[in-house]
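I have placed the structure first, in the form of structure tokens, so that the comments after it can refer back to it.
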Amino acid sequence: MLEHHSQGIIPLTVHGKALHSPRGILDVTVELQSGYQLRILALHLKAKVNIEEYNQAELREAEAHSLHRYIHDILTANPKTHLLVMGDFNDTKNSKPIQEISGKPDQADSLHSLPLTDDRKELWTEYWKTPDEYSRIDYMMVNKELEKAIQLDHSGIARPDFWNEASDHCALFTTIIPEAKKKEEN
Numbered sequence: 001m002l003e004h005h006s007q008g009i010i011p012l013t014v015h016g017k018a019l020h021s022p023r024g025i026l027d028v029t030v031e032l033q034s035g036y037q038l039r040i041l042a043l044h045l046k047a048k049v050n051i052e053e054y055n056q057a058e059l060r061e062a063e064a065h066s067l068h069r070y071i072h073d074i075l076t077a078n079p080k081t082h083l084l085v086m087g088d089f090n091d092t093k094n095s096k097p098i099q100e101i102s103g104k105p106d107q108a109d110s111l112h113s114l115p116l117t118d119d120r121k122e123l124w125t126e127y128w129k130t131p132d133e134y135s136r137i138d139y140m141m142v143n144k145e146l147e148k149a150i151q152l153d154h155s156g157i158a159r160p161d162f163w164n165e166a167s168d169h170c171a172l173f174t175t176i177i178p179e180a181k182k183k184e185e186n
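Last residue of the sequence shown: 186 (my numbering), numbering continuous.
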């Protein structure tokens, strides 16, 4: 690990009410090979569990907006950053929070969600027992600079037979091969 800029409690405002994102953002930079740095943001957005004090969906939207500003600042400071954003975003791909995090495709700070599947080509990452619902709420997103190094044929959703013994979520994985290494292999 070369650097860490993790953020603890993140202040948010929802309908003029001061709130916070209690889980923060894990922000680290690692060096995969000499000169090739990868910045990783990992986070866990508010669950879809109602709380009396605030609307969970609105808090998640505020968290997503704050995260997008954070991503924008990183990529404005260094547009060549190889950025991986991942975690339990507690929302599905067409929701406002996921659209906010992804940004607009034509913008320099946009992210692309990796199209991960399991060995059966299924997309779900979480099973919520109470409503008997399977959803894709866990993501790995990359910016344009990192996308070139992602090996999708060696990326996916891990779903071993015992997947739900430790968590109701499945692990995601990806393989990153820096451009210089790819050229050496050809």
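Backbone N, C-alpha and C fix where the C-beta goes; we use that ideal spot for every residue, glycine too.
These numbers were taken from a predicted model, which means no experiment stands behind them.
Alpha-carbon spacing of residue i relative to residue j, whole angstroms
i: leucine 111; j: lysine 144; result: 7 Å
i: isoleucine 25; j: serine 6; result: 6 Å
i: proline 79; j: glycine 156; result: 27 Å
i: alanine 158; j: proline 115; result: 14 Å
i: histidine 44; j: serine 34; result: 31 Å
i: threonine 174; j: alanine 42; result: 14 Å
i: valine 30; j: histidine 4; result: 9 Å
i: aspartate 109; j: proline 97; result: 15 Å
i: lysine 148; j: aspartate 118; result: 22 Å
i: tyrosine 54; j: tryptophan 163; result: 33 Å
i: glycine 103; j: tyrosine 70; result: 12 Å
i: glutamine 107; j: leucine 38; result: 20 Å
i: alanine 77; j: glutamate 165; result: 42 Å
i: serine 167; j: histidine 72; result: 32 Å
Supposed contact pair residue j and residue i - C-beta distance, whole angstroms, cut 8 Å
i: isoleucine 101; j: phenylalanine 89; result: 7 Å
i: serine 113; j: lysine 93; result: 7 Å
i: glutamate 126; j: histidine 169; result: 5 Å
Exposure label - residue i; buried when at least 16 CB within 10 Å
i: lysine 134; result: In the sequence under discussion, the amino acid at residue 134 is tyrosine, which differs from the lysine named in the question. Classification of tyrosine 134: exposed, given that the 10 Å Cβ count is below 16.
i: histidine 154; result: exposed
i: alanine 64; result: buried
i: histidine 15; result: exposed
i: glycine 8; result: exposed
i: proline 105; result: exposed
i: arginine 120; result: exposed
i: leucine 123; result: exposed
Proximity of residue i and residue j at Cβ, strictly below 8 Å
i: leucine 12; j: alanine 57; result: no
i: valine 142; j: leucine 84; result: yes
i: phenylalanine 86; j: methionine 140; result: Per the sequence shown, residue 86 should be read as methionine rather than phenylalanine. In contact: methionine 86 and methionine 140 (Cβ atoms closer than 8 Å).
i: histidine 82; j: leucine 172; result: no
i: isoleucine 51; j: aspartate 91; result: no
i: leucine 32; j: isoleucine 150; result: no
i: leucine 59; j: lysine 48; result: no
i: serine 21; j: serine 95; result: no
i: aspartate 36; j: proline 160; result: According to the sequence as given, residue 36 is tyrosine; it is not aspartate. Not a contact, by the Cβ cut-off of 8 Å.
Residue i - DSSP class collapsed to helix/strand/coil
i: leucine 67; result: helix
i: arginine 136; result: coil
i: leucine 19; result: strand
i: aspartate 88; result: strand
i: alanine 203; result: With the chain covering 1 to 186 only, the question about residue 203 has no answer from this structure.
i: isoleucine 176; result: strand
i: aspartate 27; result: strand
i: leucine 43; result: strand
i: serine 113; result: strand
i: isoleucine 9; result: coil
i: glutamate 126; result: strand
i: histidine 82; result: coil
i: leucine 38; result: strand
Closer than 7 Å: residue i CB and nearest the ligand HEM heavy atom
i: isoleucine 137; result: Judged by which ligands are present, the structure shown has none, so any question about the ligand HEM falls away.
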